[in-house]
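Asks: Can you read through this structure? Questions will come right after.
Numbering (our numbering), first residue to last: 3 to 192.
In structure tokens:
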């Protein structure tokens, strides 16, 4: 595996505003619904979305959150996220942030991490896990949504990525698999 870097993601977004067909591919629509189900009924308070990509999940999250910080590491991706959530500003904002850099708020009621963890090397993922455990308020919800299949550009294998991340938080969680297919899993942790 040769992991993709930020320049590679920037190039993907420059070539296509939806390189993975996340807006309308039926499987992605089902996954988005599972993520929303994992969050529970709204309105939610402060929500942090890490690795927002092109904003396809951000738009749905913004409609449910009183405050959404949707972060993306690339400039082009951040612009796409901003466009996706434009109808929800000022309650929602798109921010350029490369994890595990610190998010803008000290506490969040929910953190959503989708299709991101396996692009991080193990150390960066451990740093992000510690940060997520610190920033999520007691009783808050962590939602993880990732592929079960390893792709050529991952830095880590997909198999067991949720377990490795949760273990790295050094926190006890109640875990619930919200939806799982042959390709991906959505997990809710409180």
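Every residue gets a Cβ at the ideal spot worked out from N, C-alpha and C, and that includes glycine.
With a cut-off of 8 Å on the beta carbons, I'd call residue 72 and residue 89 a contact; round off their distance for me.
Replies: What you label residue 72 is simply residue 70 of the chain shown in a count that begins at 1. What you label residue 89 is simply residue 87 of the chain shown in a count that begins at 1. 13 Å between Cβ atoms; not a contact.
Asks: From what residue to what residue does the alpha helix (DSSP H) around residue 17 run?
Replies: The residue labelled residue 17 in the question sits at position 15 within the chain shown. Element bounds for residue 17: 8-17.
Asks: Please tell me whether residue 157 and residue 132 are closer than 8 Å, where the distance is taken between their beta carbons.
Replies: As a working mapping, residue 157 is identified with position 155 in the chain shown. As a working mapping, residue 132 is identified with position 130 in the chain shown. No. Outside cutoff.
Asks: Give the straight-line distance between the Cα atoms of residue 192 and residue 146, rounded to the nearest whole angstrom.
Replies: Within the chain shown, residue 192 is the residue found at index 190, counting from 1. Within the chain shown, residue 146 is the residue found at index 144, counting from 1. Going from the Cα of residue 192 to the Cα of residue 146 covers about 11 Å.
Asks: Give me the residue from 98, 185, 129 with the minimum Cα distance to residue 168.
Replies: As a position in the chain shown, residue 168 is number 166, starting the count at 1. When only C-alpha atoms are compared, the closest one is 129.
Asks: Looking only at C-alpha atoms, which of 43, 136, 84 sits nearest to residue 67?
Replies: Sequence index remark: in the chain shown, residue 67 carries index 65 (1-based). Closest option to residue 67, Cα to Cα, is 43.
Asks: Take residue 153 and list the residues in its own chain whose beta-carbon comes closer than 6 Å to its own, dropping the five residues that flank it on each side.
Replies: Here residue 153 is taken as the residue at index 151 of the chain shown, counted from 1. Close CB contacts of residue 153 within its chain, under the 6 Å cut and outside five residues either way in sequence, are absent.
Asks: Provide the residue(s) that pair with residue 110 in DSSP beta bridges, ordered along the chain.
Replies: Against the chain shown, residue 110 aligns to sequence position 108. Its beta-bridge partners are 138.
Asks: Pairs of beta-carbons, one from the stretch 8-28 and one from the stretch 137-151, closer than 8 Å: are there three or more?
Replies: no
Asks: Can you tell me which of the three DSSP states residue 55 falls into?
Replies: The residue given as residue 55 occupies position 53 in the chain shown. Coil, per DSSP.
Asks: Between residue 108 and residue 137, what straight-line distance do the alpha-carbon atoms span, to the nearest angstrom?
Replies: Taking the first residue of the chain shown as 1, we reach residue 108 at position 106. Taking the first residue of the chain shown as 1, we reach residue 137 at position 135. Computed Cα separation, rounded: 6 Å.
Asks: Heavy atom of the ligand HEM less than 7 Å from the Cβ of residue 64, yes or no?
Replies: As for the ligand HEM, it is missing from this structure, which has no ligand bound.
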